[in-house]
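Chemist:
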Amino acid sequence: MSDDLYPCFQDDESQAPSRYQVIVKDLVTNSKRSQIKRVLKILGDDFALSNNPNARNGGFIGLAASAIALGKEANNYVEDLIHPVVPSFTDQDSRVRYYACEALYNICKVCRGFVLPYFNEIFDGVSKLIADTEVNVKNGAEVLDRLIKDIVTESSSFDLKAFIPLLRERVYARDPYARQFIVSWVAVLDAVPDINMLVLLPEILDGLFKILGDQKPEIRKMCENVLKDFLNSIDTNPADVKFEGMSNILILNCHSDDEIIQCTAMTWLTVFISKAGRTMLLNAPGIIKTVLPCLTNNSPKVVLDAARKLNSEMKTLICEQDDLPTPLLGSPMDGEIKIKDQPETEKEEITPDKTGGRVIQLDVKNVISVLCHMLENGHFQSKIAVLDWVNHLLQKVPNKTFLNIDILFPALLKCLTDESEEVVLLDLEALAEISSNPAGQITQDLQMAVEKPPRELTPDRKDKKDKEGKKRPSDPRQSAVRKGDNLSKLPKAKLTVEYESKHGLNAYFTKFMVSLLDMFKVDQQSTEPKEREYFIIRQLSHLLNAEDIFQSFSKILVIEEDLDFAKKMVQTLNTILLTSTELFGLRSQLKTLNSQDSCSLFCNLYMSWCHSPIATVSLCFLSQNYSHACQLLQTFGDLEVTVDFLKEIDKLVQLIESPIFAYLRLQLLDVQNNQDLIKSLYGLLMLLPQSEAFKLLRYRLDCIPHYQLALMNDRQKTKLSTDQRPFVSHLNFQDLLQHFKQVQEKHRQKAIAVKPRR
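The sequence shown begins at 1 in the UniProt record's numbering and counts up by one.
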């Protein structure tokens, strides 16, 4: 047999195939199967796999001619025909690679679908030839590739599962021609009606996204079209889609530096949310972590638009069901949730969604962890999106949010130092919601507002309980100082850091106030109040109840050990109180003192305002307690008059000339009923050096009608000195004055202790 085959190699290439065909046809005619096998083995082993390039080429020609001669019989010898050819696809000789490619083309053309069991070997070889540097070889591979695609398309026996591992490996190819080859095959397979590529899409999705970032526009466009077709199929037939597995791939690709990859991945996630619904909550932390950094003006417009849409769709998934306790699977209820603490007639049964044996609920803890990380490290526009998410969680899942408040609360407090005013404002809105949300009452026993035991204020300012062991009254009106009361035994003298609000605020409000003052204390280098402090306090007065804020601050500052800070903070609060439009209601309460609540407010503020003598006088002016203002001014002779002290008087004089104290200036016309007011203003005048403030106040006092001053007499003054307001007349101003002296004595002792060290 070898003697019959070898002469074929001496013939011209155009004649050799016919010589092979004659030999093989003769064997087929005589049904000599064993000899056909022997011929193919000789062509394969002795020639196609020979070390001689010419012999190899002759072997390929012989195998191709044999396949043609065998015709339908070639189906019985597919392995013998293919196995010797495919290894030469990587041969160093380009002519050998070309002949091998041509031979396989002829073999496949004859055998058609019978070559599919060897598809992986053929595909692997063609994928290498398609990127060949030799043009003839590359062109031959493209022709062979088209034939193989036709065979796969027309066949119903293609084993997709066996092919996917090879496709998954090849889809990460970097060569542009190899990438183009891979994408074309994915498109062909997706177009075959009998092949459901959606089931196996997770295996190749990541690789397709890598190809989407190719530098060549035609390859990017080709891959983009394939991904669009897949997305349309998902939109039409979501039943076979493995959303959870592909979601993780998409989340990773959302972090790509390529805007097309980013935009496409976010678009896919948006479609997934619309089709998979609450199943996507399992990926919520990852999606939020991905989308928030893209919500900045620095992102390309297409990415920004896709991120906004995805962020909006993600929010729509969260509902009240996510705020319910997560049921334990396998319980008698089998996943049903019953709302406790309700009458039997009002209880509702809710069956949560499940997937893979798991209950589908938002992982609030992980989401909050992601949000906190973004607050610390994100761009200011991303922080705005984070704070919007925080407010969304507080609205939709308040109970579970408060269970993780120890993670969220410190991050929100830290965010108050952000440079962006918009971020600080939204942060304050979130903190205000935390302070007033009813869900905060549920966790206040588990997470106290202040870690230390409540600090108490006794007359000697030591942190110890009241000797009588009395509890702080829940009614704040009991804290007003009345005549005949001993200050050391009054309920208000037992001050704690906690503050009970009449306006629905929870324990986190107190924690917020304490933390806020701690933040203000960090930087005390400037003697002037900082703009940030003004902004934060004014906005909080608008978002929450101003009375609660000022009373809480006051109670904390009364027991503040850093006296310098307490003094500066009181001066800041006093300036805000007297100048901010947000505090109009609070000023009105203090101005009239027409109820026990307003008198209690005055007394509580007075306790801390005593850290600043001028602030205390201004509080008396605001509340029209002019007689007590005179008493205070008479003690100023014992105080150290410093530059800062004179500056405070200067500011007060300026405020007296402002619209806030218009009523006070008009009262100067009624000399007989306001002699204490006039006397207190003259007291301020006497404290001032002859500065601009001195001149301003003197000019104002010069406007008092002189004929009324002449009619002043001590008897009339004594008769009218008692305040005619019913609630004010019961206040014990002597004890308040005594408290003022005690506080100022503490400041004096500290000043004495500091001076030697200087």
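Yeah, the Cβ is synthetic: ideal placement off N, Cα and C, and Gly gets one too.
1) Could you spell out the range, first to last residue, of the alpha helix (DSSP H) harbouring I660?
2) Are the beta-carbon atoms of P300 and E259 separated by less than 8 angstroms?
3) Should K383 and L375 be called a contact, given that it needs their Cβ atoms to be closer than 8 angstroms?
4) For the stretch 554-569 against the stretch 580-594, are there 3 or more C-beta pairs whose distance is under 8 angstroms?
5) Count Cβ pairs between the stretch 220-227 and the stretch 200-212 that sit closer than 8 angstroms; are there 3 or more?
6) Look at G71 and V110 and say whether their C-beta atoms are less than 8 angstroms apart.
7) Between which two residues does the alpha helix (DSSP H) harbouring C603 extend?
8) In chain order, which alpha helix (DSSP H) runs of at least 4 residues are fully inside the stretch 220-292?
9) Between N57 and V96, is the Cβ-Cβ spacing less than 8 angstroms?
10) Taking G637 as part of the alpha helix (DSSP H), name the residues at either end of that continuous run.
11) Would the stretch 227-235 count as touching the stretch 279-286 if we require 3 or more Cβ pairs under 8 angstroms?
12) Determine the direct distance from the alpha carbon of F520 to that of I219, and round the result to whole angstroms.
13) T133: buried (16+ other C-beta within 10 angstroms of its C-beta) or exposed?
14) Cutting at 8 angstroms between CB atoms, please list the residues of its own chain near K37, excluding the five before and the five after it.
15) For the stretch 58-66 and the stretch 102-122, state whether three or more C-beta atom pairs, one from each stretch, are separated by less than 8 angstroms.
16) Provide the residue span of the alpha helix (DSSP H) that contains D564, from first to last.
17) Would you report the Cα separation of D124 and P87, rounded to the nearest angstrom?
18) I think L701 touches L681, with their Cβ atoms under 8 angstroms apart; what is that distance to the nearest whole Å?
19) Beta-carbon separation of Y99 and N136 under 8 angstroms?
20) Who are the near neighbours of I365 in its chain, counting only those whose CB is closer than 6 angstroms to its CB and skipping five residues on each side?
21) Please report how far the alpha carbon of D406 lies from the alpha carbon of R748, in whole angstroms.
22) If you compare alpha carbons, which of L116, E313, I536, I360 is closest to V423?
23) Could you tell me the distance, in whole angstroms, from the CA atom of Q690 to the CA atom of F402?
24) Please report the distance separating the alpha-carbon of V188 from that of S256.
25) In its own chain, which residues sit with a C-beta less than 6 angstroms from the C-beta of A69, not counting the 5 before and 5 after it?
26) Could you round the C-beta distance between A439 and P398 to whole angstroms and report it? I think they count as a contact, below 8 angstroms.
27) Here's the rule I'm using: 16 or more other beta-carbon atoms within 10 Å means buried, otherwise exposed. How should I752 be labelled?
28) From D735 to E531, what does the alpha carbon distance come to, in whole angstroms?
29) Identify which residue in C108, L684, K289, Q361 has its Cα closest to the Cα of A629.
30) Is S618 closer than 8 angstroms to L578 when the C-beta atoms are compared?
31) Out of curiosity, what's the CA-to-CA distance linking V39 and D46?
32) Where does N311 fall in DSSP's three states?
33) Is the beta carbon of D650 closer than 8 angstroms to that of A693?
34) In chain order, what residues of the same chain lie with their CB nearer than 6 angstroms to the CB of G207, ignoring the 5 residues before and after it?
35) Where does R698 fall in DSSP's three states?
36) Around the Cβ of C319, are there at least 16 other Cβ atoms within 10 angstroms (buried) or fewer (exposed)?
Modeler: Based on what the coordinates show:
1) No alpha helix (DSSP H) contains I660, which DSSP labels as neither H nor E.
2) yes
3) yes
4) no
5) Short answer: they touch.
6) yes
7) 596-609
8) 243-253, 259-276, 284-291
9) Closer than 8 angstroms, so yes.
10) G637 -> no alpha helix (DSSP H), and no H or E assigned at all.
11) no
12) 58 angstroms
13) exposed
14) Counting only Cβ-Cβ distances below 8 angstroms, and skipping sequence neighbours, we find Y77, D80.
15) yes
16) 563-579
17) 10 angstroms
18) 6 angstroms
19) no
20) Note that residue 365 is Lys in the sequence shown, not Ile. Taken in chain order, the residues that qualify are N404.
21) 40 angstroms
22) I536
23) 58 angstroms
24) Take the alpha-carbon of V188 and the one of S256: they are about 28 angstroms apart.
25) The answer, listed in chain order, is Q21, V24, K25.
26) Here A439 really is in contact with P398; their C-beta atoms are around 4 angstroms apart, less than 8 angstroms.
27) exposed
28) 35 angstroms
29) Comparing Cα positions, the closest option is L684.
30) yes
31) 10 angstroms
32) In the three-state scheme derived from DSSP, where H, G and I count as helix and E and B as strand, N311 is classed as helix.
33) Less than 8 angstroms separates the beta-carbon of A693 from that of D650.
34) V171, Y172
35) helix
36) exposed
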